[in-house]
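Undergrad: So the sequence lines, in the order shown, correspond to chains C and R. Going by our numbering, the letters in the first sequence line up with residues 31 to 486, in that order. Going by our numbering, the letters in the second sequence line up with residues 373 to 776, in that order.
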Amino acid sequence: MAGYDVAIVGAGIVGCALARRFAIDGARVVLLEKAHDVLDGASKGNSAILHTGFDAPANSLELDCIKAGYAEYVEIHRRMNLPLDRCGALVLAWNDEQVAALPGLMAQARENGVEDIQPMDRASLLRAEPQLAHRVRAGFRVPREALIDPWSAAHAYLYQAVQHGAELRCRAALTAADRLGERWRLDTTAGAVEAGLVINAAGLWGDHVERILTGESWFQIRPRKGQFVVYDKPAAALARHILLPVPSKITKGVVVCRTVFGNLIVGPTAEEQDSREVASLDSQTMRDLQKTGETILPALAGHEVTAAYAGLRPATEEKGYRIRADLSRGLVTVGGIRSTGLSAALGIARHVADLVGLRAGEAQHWPHMPMLAQEAQRDFLQPGNGGIACHCELVTRREIEAAMSAPAPANSLAGLKRRTRVTMGRCQGFGCTAELSRMTEGRFTQPMTRGDPDAD
Amino acid sequence: MQTDIAIIGAGPAGLGAAAELGRIGAGHVTVIEREQVPGGVPRHCGHSPFGMREFHRIMGGKTYAARLTAAAEAGGATIMCNTTVTALADGPELQLTGPEGTFTLSARAVLIATGTREASRVQRMIGGQKPGGVIPTGALQGLVHLNKQVPFRRPVILGTELVSFSALLTCRQAGIKPVAMIEQGPHVIARSPAALLPRVLGVPIHLNTNIAAIHGRERVTGVTLTGAQGGRELECDGVLLTGAFRSEAALLAASGGVIDTASTGPVVDSFGRISMPGYFAAGNLLRPVETAGASWAEGKRAAHAIHAFLRDELPDRSLNQTLTIASDTIRYALPQHIAPSGPGRHQQILLRVTRPVKGELRLSQNGQIISRRRVNAMPERRITLDLPEQPGTGAFVLSLEEAA
Ligand SMILES: Cc1cc2nc3c(=O)[nH]c(=O)nc-3n(C[C@H](O)[C@H](O)[C@H](O)COP(=O)(O)OP(=O)(O)OC[C@H]3O[C@@H](n4cnc5c(N)ncnc54)[C@H](O)[C@@H]3O)c2cc1C
Ligand SMILES: Cc1cc2nc3c(=O)[nH]c(=O)nc-3n(C[C@H](O)[C@H](O)[C@H](O)COP(=O)(O)OP(=O)(O)OC[C@H]3O[C@@H](n4cnc5c(N)ncnc54)[C@H](O)[C@@H]3O)c2cc1C
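1. If contacts are defined as beta-carbon pairs under 8 Å, then W261(C) and L294(C) qualify, I think. What distance do you get, rounded to the angstrom?
2. Going by DSSP in three states, S73(C) sits in which element: helix, strand or coil?
3. Is G628(R) near ligand 1 - that is, is its Cβ less than 7 Å away from at least one heavy atom of it?
4. Do the CB positions of G83(C) and H271(C) come within less than 8 Å of each other?
5. Quick one: complete alpha helix (DSSP H) runs, 4+ long, within the region 439-520 of chain R?
6. What are the start and end residues of the alpha helix (DSSP H) that includes P649(R)?
7. Which residues in the same chain have their Cβ closer than 6 Å to the Cβ of M648(R), if we skip the five residues on either side of it in sequence?
8. Could you check whether the Cβ of E159(C) sits closer than 8 Å to any Cβ belonging to chain R?
9. Mind reading off the beta-carbon distance from G381(R) to G473(R)? Whole number of angstroms is fine, and I expect it under 8 Å.
10. May I have the straight-line CA-CA distance separating R451(C) from A78(C), to the nearest angstrom?
11. Is it the case that the Cβ atoms of T614(R) and V506(R) are separated by a distance below 8 Å?
12. Under the three-state reduction of DSSP, which class applies to R50(C): helix, strand or coil?
13. Which bits of chain C does N748(R) rub up against, with CB to CB less than 7 Å?
14. DSSP puts I106(C) in a beta bridge; with which residues?
15. May I have a chain-ordered list of the alpha helix (DSSP H) segments no shorter than 4 residues that lie completely inside the region 544-568 of chain R?
16. My parser needs the alpha helix (DSSP H) runs of 4 or more residues fully inside the region 353-408 of chain C; what are they?
17. Any Cβ of chain C within less than 8 Å of the Cβ of K434(R)?
18. From A562(R) to M750(R), what distance separates their C-alpha atoms?
19. Considering only heavy atoms of ligand 2, does any lie closer than 7 Å to the CB of N656(R)?
20. Should W214(C) be listed as close to ligand 1, given that the test is whether its C-beta is under 7 Å from any heavy atom?
21. For G143(C), count neighbouring C-beta atoms within 10 Å of its own C-beta (all shown protein chains included) and say buried if the count is 16 or more, exposed if not.
22. From A391(R) to T636(R), what distance separates their C-alpha atoms?
23. Would DSSP call F681(R) helix, strand or coil?
24. For M648(R), would you say it is in contact with chain C, using Cβ-to-Cβ distances shorter than 8 Å as the test?
25. With contact counted as at least three CB pairs below 8 Å, one residue from each stretch, are the region 430-439 of chain C and the region 190-207 of chain C in contact?
26. For the beta strand (DSSP E) that contains G432(R), what are its first and last residues?
27. Are at least three pairs of beta-carbons, each pair with one atom in the region 141-158 of chain C and one in the region 44-61 of chain C, less than 8 Å apart?
28. Alpha carbon to alpha carbon, how far is T363(C) from E240(C)? Give it in angstroms, no decimals.
29. Report yes if the C-beta of F228(C) is less than 7 Å from at least one heavy atom of ligand 1; otherwise report no.
30. Give the secondary structure of S313(C) by DSSP, where H, G and I count as helix, E and B as strand, and everything else as coil.
31. Output yes if chain C places a C-beta closer than 8 Å to the C-beta of P471(R); else output no.
32. Do A664(R) and F422(R) have their C-beta atoms within less than 8 Å of each other?
33. Assign S389(C) to buried or exposed, taking buried as 16 or more other Cβ atoms, counted over all protein chains shown, within 10 Å of its Cβ.
34. Which ranges does the alpha helix (DSSP H) cover as unbroken runs of at least 4 residues, wholly within the region 134-159 of chain C, from first to last along the chain?
35. I'd like to confirm something about P113(C): is its beta-carbon nearer than 7 Å to some heavy atom of ligand 1, or not?
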């Protein structure tokens, strides 16, 4: 049985960031993921915003982790070739009540250390965003809110972890655990492993994994679904900033924003539900989101929606992050990373490494990630790319090959999509499915097809 | 790089135009195709009938595509495959990208013939989860005919257009047994005999029914039906989304070309001229969807318009008259601008209706009816109305008077 210093349960953005931190700091790490590929849980469907923490709960661990995560992302993104679109956000008030809430929100932002916010009146808002509905009343700008690629960030953390000796095991769900003296024996669907420390980063299954490890859980996951609609690329020209509503008590509300891939998204909703597996799209909700989008940017009415998705937030019965270390039991729990985990991941990892008392190491290797941002020098512009396989998203054959032979290769079409964007464009696979299926034959643990026509 | 005439897309329309331009000696033709092999959609179709109009015999899609390619090459055209057009600029000038990176191609005239695609599941507002196994017909035909692979074994088919039955045939060839065909409206959309096929193959058709949600995490496990089959769950292992075509006009829209949101294609005039000078459009890009033969004929006709344009023989655009639609039952009509007579002119208006309708189609100008015909029309079916050779001045108004 393989022995490790640290076993991390769950390869979401948080698990990937933890694996990176611990591997760089010199620990022997194994990352256990139950799905075919990484980022299969909460981390597959978010708004892709790198938050400053301007609206986070004051004096909270969450705020600290967001700020540290933001700072570290800014520091490392260039070395790993990760996009960072510092487009800024506008918080918009549309009625009296919202206008009245603005001063409080601005005070909180300043208290949270985000001091560069700028109050804006209607005229300056319309100058900054000419397509905005004219009935907007007032708002403020948060200049450092930014857009990133939610998947390449996590993959970069993971690749760097692997380059520093971490091991990733997919289709390895934790099923049972025993504490044997100073060490853990973990049973997974892909065999057993032994480790000195276990970190529970199981996202939507955090409480469940906590029970496997200790027999009980001190928090309860309450999945909160968020649905989005995705507009085709021409719509991205309608918005420069991330357009945020004045938040309510339970949600940041429906956001209109570009993605670094050059689309425009409208979402998310905030819907409490029981299931942690099913993130269902609802046709009426999709129509409502389109309408909401059109009330904010009227010109959206003339644009096509080409896709939609839904994500589940690993919320709990309390608002804060549920992070706790019990070193006598060799256990760290990183639970309830609700709705800011993308921004906070690197900060959470640093915080956990500190809790464990690990000395910060120096990274020896820096993966160079394929850059998928619309404005970047994409691979299709470079020689030797093999030609384009996915036409809507201009994904080259070389990019697909690279994703299948990366430090943690794609194991499924879903994984390949997140690494390259194949089939995620307006034709949704009409043009490229057959070729992708040929290129990936025998390479995925979750194949695209059901074998040849004659087999049964 | 430089050429006389650049054609974007090596489908029936683009290849038809290339062959004809070669035959009439209009200049050097370069066809740009993003796939590795020319031929367009028919190349992915394992079935007939193709080729009646063009070669006076019935052949399979692959053979037909090869024949079109050979004809274009015989006319002297250069076909550049594995090359994608990523932007259109004034000049005309095209931004291209291929295995060796980007380059530009300038031309005296450009024909855009980029075809269509089927609507995505979200464009049809189908909810539910996002498992593998939800694909359009284009993908199915590629998998089965090009790869000899099957994506599912017991799918439901959404749609009853002509292409839906072509999908059914593909399923049959691959040993796939669809559990049902679903049609939102009260009638099967394609004409018989295609519509008899499901009965022959034992596939039930549910009319007035829709798919509200798709279920399954990794693979499809079932769908929820609404409408006549309301609230019913149907077990299946895939969903085949057929038809509901829209023009592959994104390249044009991104480059500032004017799009008709009703037809989903570019706004064109009787010669296929679009809003950008020197650019023409033909084939399924104009109005999804027609047969390969119709698209080929449009390409051929565009060749004559382009030839005349290069010799400065087309009537000036300022002579164009707008076509206005004065009926909710008409979904779209083209060309949107009607030009006086000249080489390669569309001699008809092409239109579609939104619902089954009987009555008279009327084209008027200055309050006078100048063309009319009786129609008994169904959605998605091709309807044409003849245009006068030399129209007078004044906007054209198209209306549909329903029979009492
Ligand atoms: C709609 C929405 C919008 C959001 N917008 C933003 C945003 O704009 N900015 C931002 O910063 N954050 C945003 N977030 C939040 C962010 O996405 C989450 O905080 C983050 O993804 C949580 O990651 P995680 O790694 O904790 O959990 P997960 O991604 O759920 O990862 C947990 C992993 O554990 C695995 N697992 C579970 N059980 C087991 C087991 N027994 N054995 C092995 N593996 C197991 C799962 O398969 C999963 O891969 C948003 C979230 C949603 C849903
Ligand atoms: C699934 C299906 C089944 C069909 N079955 C039949 C049938 O049985 N009989 C029949 O008569 N008709 C059939 N049709 C219709 C027929 O295939 C079309 O009418 C015909 O292919 C239209 O020709 P086209 O040249 O306009 O477009 P396409 O054939 O679609 O050709 C367009 C070409 O442009 C290329 N292209 C697009 N964008 C770019 C770009 N930016 N750069 C470079 N190249 C580009 C594409 O790769 C493609 O090769 C079917 C259609 C479909 C979708």
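For every residue, glycine included, the Cβ atom is placed at its ideal position computed from N, Cα and C.
TA: Looking at the coordinates:
1. Looking up residue 261(C) in the first sequence gives position 231. Looking up residue 294(C) in the first sequence gives position 264. Checking the sequence shown, residue 261(C) turns out to be Tyr, not Trp. Right, their Cβ atoms sit about 4 Å apart.
2. Against the first sequence, residue 73(C) aligns to sequence position 43. Helix.
3. Residue 628(R) sits at position 256 when you count from the first residue of the second sequence. No, the Cβ of G628(R) stays beyond 7 Å of every heavy atom of ligand 1.
4. By 1-based counting over the first sequence, the position of residue 83(C) is 53. By 1-based counting over the first sequence, the position of residue 271(C) is 241. Not closer than 8 Å, so no.
5. Correct list: 509-513.
6. Walking along the second sequence from the start, residue 649(R) turns up at place 277. Run containing P649(R): none; DSSP gives neither H nor E here.
7. Residue 648(R) sits at position 276 when you count from the first residue of the second sequence. Hits under 6 Å: G629.
8. Counting from one through the first sequence, the residue named residue 159(C) turns up at place 129. No, because no Cβ of chain R sits closer than 8 Å to the Cβ of E159(C).
9. Taking the second sequence and counting its residues from 1, one reaches residue 381(R) at position 9. Taking the second sequence and counting its residues from 1, one reaches residue 473(R) at position 101. Their Cβ separation, rounded to whole angstroms, is 21 Å, which puts G381(R) and G473(R) out of contact at 8 Å.
10. Along the first sequence, one-based indexing puts residue 451(C) at 421. Along the first sequence, one-based indexing puts residue 78(C) at 48. Answer to the nearest angstrom: the Cα atoms are 15 Å apart.
11. Taking the first residue of the second sequence as 1, we reach residue 614(R) at position 242. Taking the first residue of the second sequence as 1, we reach residue 506(R) at position 134. No, Cβ-Cβ distance for T614(R) and V506(R) is not below 8 Å.
12. Along the first sequence, read from residue 1 onward, the residue named residue 50(C) stands at position 20. Reduced to three states, the DSSP call for R50(C) is helix.
13. Taking the first residue of the second sequence as position 1, residue 748(R) is located at position 376. Chain C residues near N748(R): none, gap ~32 Å exceeds 7 Å.
14. On the first sequence, residue 106(C) is found 76 positions in, with the first residue counted as 1. According to DSSP, which records beta bridges pairwise, I106(C) is partnered with nothing at all.
15. none
16. 371-386
17. Start at 1 with the first residue of the second sequence, and residue 434(R) comes out as number 62. So, not an interface residue.
18. Translated into positions along the second sequence, residue 562(R) becomes position 190. Translated into positions along the second sequence, residue 750(R) becomes position 378. Their Cα atoms are separated by approximately 9 Å.
19. Position 284 of the second sequence, counted from the start, is the residue given in the question as residue 656(R). Set against 7 Å, the gap from the CB of N656(R) to the closest heavy atom of ligand 2 is smaller.
20. To locate residue 214(C), count along the first sequence from 1; it is residue 184. It does not: the Cβ of W214(C) is nowhere closer than 7 Å to a heavy atom of ligand 1.
21. The residue labelled residue 143(C) in the question sits at position 113 within the first sequence. By the 10 Å Cβ count, G143(C) comes out exposed.
22. The residue given as residue 391(R) occupies position 19 in the second sequence. The residue given as residue 636(R) occupies position 264 in the second sequence. Rounded to the nearest angstrom, the two C-alpha atoms are 27 Å apart.
23. Here residue 681(R) is taken as the residue at index 309 of the second sequence, counted from 1. F681(R) falls in the helix class under three-state DSSP.
24. Residue numbering aside, residue 648(R) sits at position 276 when the second sequence is read from its first letter. Closer than 8 Å: no.
25. yes
26. As a first step, residue 432(R) is located in the second sequence; it is residue number 60 there, counting from the start. Judged by DSSP secondary structure, G432(R) falls outside any beta strand (DSSP E); it is assigned neither H nor E.
27. No contact exists between the region 141-158 of chain C and the region 44-61 of chain C.
28. Mapped onto the first sequence, residue 240(C) falls at position 210. Mapped onto the first sequence, residue 363(C) falls at position 333. Cα to Cα, the separation comes out at about 8 Å.
29. For this step, residue 228(C) is matched to residue 198 along the first sequence. In the sequence under discussion, the amino acid at residue 228(C) is Val, which differs from the Phe named in the question. Incorrect: V228(C) has no Cβ contact closer than 7 Å to ligand 1.
30. The residue labelled residue 313(C) in the question sits at position 283 within the first sequence. Reduced to three states, the DSSP call for S313(C) is helix.
31. Against the second sequence, residue 471(R) aligns to sequence position 99. At least one chain C Cβ lies under 8 Å of P471(R).
32. Position 292 of the second sequence, counted from the first residue, corresponds to residue 664(R). Position 50 of the second sequence, counted from the first residue, corresponds to residue 422(R). In this structure, A664(R) lies near F422(R), with their beta-carbon atoms less than 8 Å apart.
33. Here residue 389(C) refers to the residue found at position 359 when the first sequence is read from its first residue. The identity of residue 389(C) in the sequence shown is Arg, whereas the question assumes Ser. Counting the other Cβ atoms within 10 Å of the Cβ of R389(C) gives fewer than 16, which makes it exposed.
34. 152-158
35. Counting from 1 along the first sequence, the entry for residue 113(C) is found at position 83. No.
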